[in-house]
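Below is one structure, written out as structure tokens; the observations come after it.
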Amino acid sequence: MSNTTEKALSLLRYLPRVCLANIRDNPGAKKKSRRGRAQHGGDYHGAGNKGSNQRQNFMRIGYETGNNPFYLRFPHEPYYKGHHLKRQYPPLSLLDLQKLIDTNRIDTSRPIDLVTILNTGLYKLFPDQHHFGVQLTDEGADIFAAKINLEVQWASEQVIAAVEKAGGVITTAYYDPHSLQAMVNTKSFFERGIPIPRRMMPPPDAIEYYSNPGNRGYLSDPEKISEERLVLAQKYGYTLPKLDSRILEMLNETKDPRQIFYGLHPGWVVNLKDKVILKPLEEELKEFYAL
Amino acid sequence: MLANITAKLRNCTCTARKYATSALSTTDNSTSTSIEPRTLTFPPKYQEPRQIWLESLDSIDQSKLGLLEIHPSVFAARPRIDVIHQNVSWQKMYRYVSYAHTKSRFEVRGGGRKPWPQKGLGRARHGSIRSPLWRGGGVIHGPKSPTPHFYMLPFYSRLLGLTSALSVKFAQDDLHIVDSLELPTEEKSYVEELVKERLWGPSVLFVDVNDVFPRSITIATDEIKHINIMPAYGLNVYSMMKHDTLVLTRAALDHIESKILEHLHKNDTRAVMAKFKVDQQ
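In order, the protein sequence lines correspond to chains A and B. Per full-length UniProt numbering, residue 1 is the first one in the first sequence, and the count goes up by one each step. Per full-length UniProt numbering, residue 1 is the first one in the second sequence, and the count goes up by one each step.
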């Protein structure tokens, strides 16, 4: 600790006892917001003299005293049409991810998905604000060196190259808002006692992205992905490292397109209190959840 | 201002030093062999662990059982007097509801009729006898009942308040650790004499880990208003500042230290702060 702490503590030994009578806030810490009168800051209080500024009769916003206002002068140009409905992918950089791994917040011996990243407490997602998952960005791509099985929702070509160059595997996968809500706070979801939902298929405008082997989409053909890995390695000029045989099983682990959590199937109910997993028995449910 | 006070105080000899609880040198811990040493969780990286005497309430005169190590992040933290003040004023204010009440001109009875015509009498114009200008009229912007003053101090200010208060108590030799709160008698005079003999100041706060206390101390301190007992979960900055001396049992020390260290080292800041966020959306 800094020397000032020691100084303050040794000073306290010679000072009268600190008690209710002699404690106070720092001088100037609290600012009183009061409208002073007369000599205590009276005058016009910043409103000036006479006219609209004093009497608050402001014109409505955009009104130009009779001119054709700017906001009506041009025909309709819908730059932001549908903007509020677009899918958002809050970014996480490779540098951040490497930092999370280096500070032991993420265990690389298991596949890493959105739940793992959210459980660090250092990445936040709000599905109700149209957040659809994590976007991995290429900052720190040069120093990324973790061999991981990673699943993100959006990744650029550079990011895919950086992860594969380090000897890892990356997948992009879509989660619908209901699945995301279950992933955001897993504990509170399990406490609700409802079955794990089925993951929905991506909407029509996202199908193309998630079935493209170039994006390592989870709906694309695995053989085409391994082709694309070689193509990308040639494009960026690195030799594709062979997957580490010791962790090959972990690196090859994938989720079903309907599955949300590793090791848990849709339709199961996780009882945290009794520490049991309840599985559906009825044929109709089994068929619905494709068990 | 502080410099002035310290200059004066430096001259006076400190007679209470022989009763000091914080051990300044480790050379004289001949008695420390008999007690179980403490292991500090989250071992401090940059500060030395502090040492404090483990005492006993078995006899009136000082009896030291040994030395204990205590964590510097809790008991030698930066003594933020301002944060202590913020905690104390928060503790006073959050439960305070002002019942002061005044009536506006429309709540005061009567005054609907114009007292006299606008013109022609040579008198000042008035529309109501309950106007704020009148005696017995309404009050402008007066206090309304009930006015709650509840607010929540941020979690980490509360935590810093606790570490600051404990550090101040320890730095000023007002913190004592005892093995248990069991007294040999249930006599009121025993506690009074003990406190007087050990120079623990008139007011003392005894803290144990649970809210079930030994019968002897509850009966002995029951009548004395300035000697109080409190469970560890009730420990707060206001009570620490109100009492001259804080006496913790060893179990309470373990409990308080582990709780504070746990909060100092966890990283779900947002979760603990979210509950009382003012502008929740």
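A virtual CB, placed ideally from N, CA and C, is assigned to each residue, including glycine.
If you pair each beta-carbon of the segment 155-168 of chain B with each one of the segment 183-196 of chain B, do three or more pairs fall below 8 Å? By the Cβ criterion, the segment 155-168 of chain B is not in contact with the segment 183-196 of chain B, since fewer than three pairs of Cβ atoms, one from each stretch, lie closer than 8 Å.
Quick one: using the 10 Å Cβ neighbour count with 16 as the cut-off for buried, is VAL231/A buried or exposed? Position 231 of the first sequence holds residue 231/A. VAL231/A is exposed by the Cβ-count criterion.
Listed from N- to C-terminal order along the chain, which residues in the segment 162-173 of chain B have their beta-carbon within a distance smaller than 9 Å of any beta-carbon of chain A? Listed in sequence order: ALA165, SER167, VAL168, LYS169, PHE170, ALA171, GLN172, ASP173.
Are LYS144/B and HIS85/B close, meaning C-beta to C-beta below 8 Å? The residue you call residue 144/B lines up with position 144 of the second sequence. The residue you call residue 85/B lines up with position 85 of the second sequence. Result no, Cβ atoms of LYS144/B and HIS85/B do not sit closer than 8 Å.
So ILE81/B and VAL18/A are supposed to be a Cβ contact under 8 Å. How far apart are they, rounded? Indexing the second sequence from 1 puts residue 81/B at position 81. Indexing the first sequence from 1 puts residue 18/A at position 18. With 8 Å as the limit, ILE81/B and VAL18/A qualify as a contact, their Cβ atoms being about 7 Å apart.
Closest by CA to TRP200/B, which one among GLU55/B, LYS259/B, LEU264/B, ARG105/B? Taking the second sequence and counting its residues from 1, the one referred to as residue 200/B is at position 200. For the residues GLU55/B, LYS259/B, LEU264/B, ARG105/B, the minimum Cα distance to TRP200/B belongs to GLU55/B.
Can you tell me which residues form a DSSP beta bridge with PRO44/B? Here residue 44/B refers to the residue found at position 44 when the second sequence is read from its first residue. None, per the DSSP bridge assignment.
Quick one: does GLY217/A have its CB under 8 Å from some CB of chain B? In the first sequence, the residue the question calls residue 217/A occupies position 217. False, the Cβ-Cβ gap to chain B never drops below 8 Å.
Whole angstroms is fine: what's the gap from ASP221/A's alpha carbon to PRO43/B's? Residue mapping note: residue 221/A aligns to position 221 of the first sequence, counting from 1. Residue mapping note: residue 43/B aligns to position 43 of the second sequence, counting from 1. Going from the Cα of ASP221/A to the Cα of PRO43/B covers about 52 Å.
Please state whether the Cβ-Cβ distance between ARG13/A and ALA171/B is less than 8 Å. For the purposes of this step, residue 13/A is taken as the residue at position 13 of the first sequence. For the purposes of this step, residue 171/B is taken as the residue at position 171 of the second sequence. For the pair ARG13/A and ALA171/B, the CB atoms are nearer than the 8 Å cut-off.
DSSP three-state call for SER98/B: helix, strand or coil? If you number the second sequence from 1, residue 98/B lands on position 98. Judged by DSSP in its simplified three-state form, SER98/B adopts strand.
Starting from ASP244/B, find everything on chain A with Cβ-Cβ shorter than 7 Å and list it in chain order. In the second sequence, counting from the first residue as 1, residue 244/B sits at position 244. Ordered by position in chain A, the residues that pass the 7 Å Cβ test against ASP244/B are ARG17.
Proximity test, Cβ basis, 8 Å: GLY121/A and chain B: Here residue 121/A refers to the residue found at position 121 of the first sequence. Put simply, the CB of GLY121/A is near chain B, with a gap under 8 Å to one of its CB atoms.
Comparing the C-beta of ILE23/A with each C-beta of chain B, is any distance below 8 Å? As a working mapping, residue 23/A is identified with position 23 in the first sequence. Yes, contact with chain B.
From the beta carbon of ALA76/B, is the nearest beta carbon of chain A less than 8 Å away? As a working note, residue 76/B is residue 76 in the second sequence. Yes - at least one Cβ of chain A is within 8 Å of the one on ALA76/B.
Under the three-state reduction of DSSP, which class applies to MET230/B: helix, strand or coil? Walking along the second sequence from the start, residue 230/B turns up at place 230. In this structure, MET230/B counts as strand in the three-state DSSP scheme.
In chain order, what residues of the same chain lie with their CB nearer than 7 Å to the CB of ALA77/B, ignoring the 5 residues before and after it? Counting from one through the second sequence, the residue named residue 77/B turns up at place 77. Closer than 7 Å at Cβ, skipping near neighbours: THR163, SER164, SER167.
With the cut-off set at 8 Å, would you say GLN158/A and GLY133/A are in Cβ contact? As a first step, residue 158/A must be located in the first sequence, where it is residue number 158. As a first step, residue 133/A must be located in the first sequence, where it is residue number 133. With contacts defined by Cβ atoms closer than 8 Å, GLN158/A and GLY133/A do not form a contacting pair.
Give me the residue from LEU118/A, GLU282/A, ARG34/A, ASN57/A with the minimum Cα distance to GLN181/A. What you label residue 181/A is simply residue 181 of the first sequence in a count that begins at 1. That would be LEU118/A, whose Cα lies nearest to the Cα of GLN181/A.
Cα-Cα separation, HIS263/B to SER216/B: Numbered from 1 along the second sequence, position 263 holds the residue referred to as residue 263/B. Numbered from 1 along the second sequence, position 216 holds the residue referred to as residue 216/B. Between HIS263/B and SER216/B, the C-alpha separation is close to 34 Å.
Do GLU151/A and ILE112/A have their C-beta atoms closer together than 8 Å? One-based indexing of the first sequence puts residue 151/A at position 151. One-based indexing of the first sequence puts residue 112/A at position 112. Contact flag set, yes.
Rounded separation between GLY42/A and ARG35/A - CA only: The sequence position of residue 42/A within the first sequence is 42, counting from 1. The sequence position of residue 35/A within the first sequence is 35, counting from 1. A straight line joining the alpha-carbon of GLY42/A with that of ARG35/A spans about 8 Å.
Closer than 7 Å by C-beta to SER258/B: which residues in its own chain qualify, once you throw out the five before and the five after it? Chain order, please. Within the second sequence, residue 258/B is the residue found at index 258, counting from 1. Around SER258/B, the same chain offers THR41 as residues with beta carbons nearer than 7 Å, after the five sequence neighbours per side are excluded.
Of the listed residues THR245/B, LYS188/B, ARG135/B, nearest to ASP222/B (C-alpha basis): Within the second sequence, residue 222/B is the residue found at index 222, counting from 1. The candidate whose alpha carbon is nearest that of ASP222/B is LYS188/B.
Per DSSP, which residues does HIS131/A bridge with? Please list them. Position 131 of the first sequence, counting from 1, holds the residue named residue 131/A. BP columns for HIS131/A point to GLN88/A.
Taking 7 Å as the cut-off, is the C-beta of SER33/A nearer than that to any heavy atom in the ligand NAD? Inclusion of the ligand NAD in the displayed structure is not the case, the ligand content being empty and no account of it being possible.
With TRP90/B as the anchor, note down where its alpha helix (DSSP H) starts and where it stops. Position 90 of the second sequence, counted from the first residue, corresponds to residue 90/B. Looking at the DSSP string, the run of the alpha helix (DSSP H) that includes TRP90/B is 81-93.
Quick one: is TRP53/B buried, meaning 16 or more other Cβ sit within 10 Å of its Cβ, or exposed? The residue you call residue 53/B lines up with position 53 of the second sequence. It is buried - the Cβ of TRP53/B has at least 16 other Cβ atoms within 10 Å.
Just how far apart, CA to CA, sit THR27/B and LEU175/B? The residue given as residue 27/B occupies position 27 in the second sequence. The residue given as residue 175/B occupies position 175 in the second sequence. Unreliable positioning characterises THR27/B in this predicted model, as indicated by a pLDDT of 45, which lies under 50. A coordinate reading is not provided.
ALA114/B and GLY122/B: beta carbons closer than 8 Å? Here residue 114/B refers to the residue found at position 114 of the second sequence. Here residue 122/B refers to the residue found at position 122 of the second sequence. In the sequence under discussion, the amino acid at residue 114/B is Lys, which differs from the Ala named in the question. No. Outside cutoff.
Beta-ladder partner(s) of ASN149/A, from DSSP: What you label residue 149/A is simply residue 149 of the first sequence in a count that begins at 1. Answer is VAL169/A.
Which one of VAL270/A, THR103/A, SER156/A has the shortest CA to CA distance from ALA146/A? Position 146 of the first sequence holds residue 146/A. Looking at the Cα atoms, THR103/A is the closest of the given residues.
Report the neighbours of VAL88/B on chain A: residues whose CB is nearer than 9 Å to its CB, in chain order. Taking the second sequence and counting its residues from 1, one reaches residue 88/B at position 88. Under the 9 Å cutoff, chain A gives LEU20, ILE23.
Candidates ARG270/B, VAL237/B, PRO202/B, LEU248/B: which alpha carbon is nearest ALA89/B's? Translated into the one-based positions of the second sequence, residue 89/B becomes position 89. Sequence inspection shows Ser at residue 89/B; the Ala mentioned does not correspond to that position. Considering only alpha carbons, the answer is VAL237/B.
With DSSP as the reference, label GLN51/B as helix, strand or coil. Locating residue 51/B in the second sequence gives position 51, counting from the first residue. Note: GLN51/B maps to strand in three-state DSSP.
What residue range is occupied by the uninterrupted alpha helix (DSSP H) comprising THR5/A? Within the first sequence, the letter at position 5 stands for residue 5/A. In the DSSP annotation of this structure, the continuous segment of the alpha helix (DSSP H) that includes THR5/A starts and ends at 3-12.
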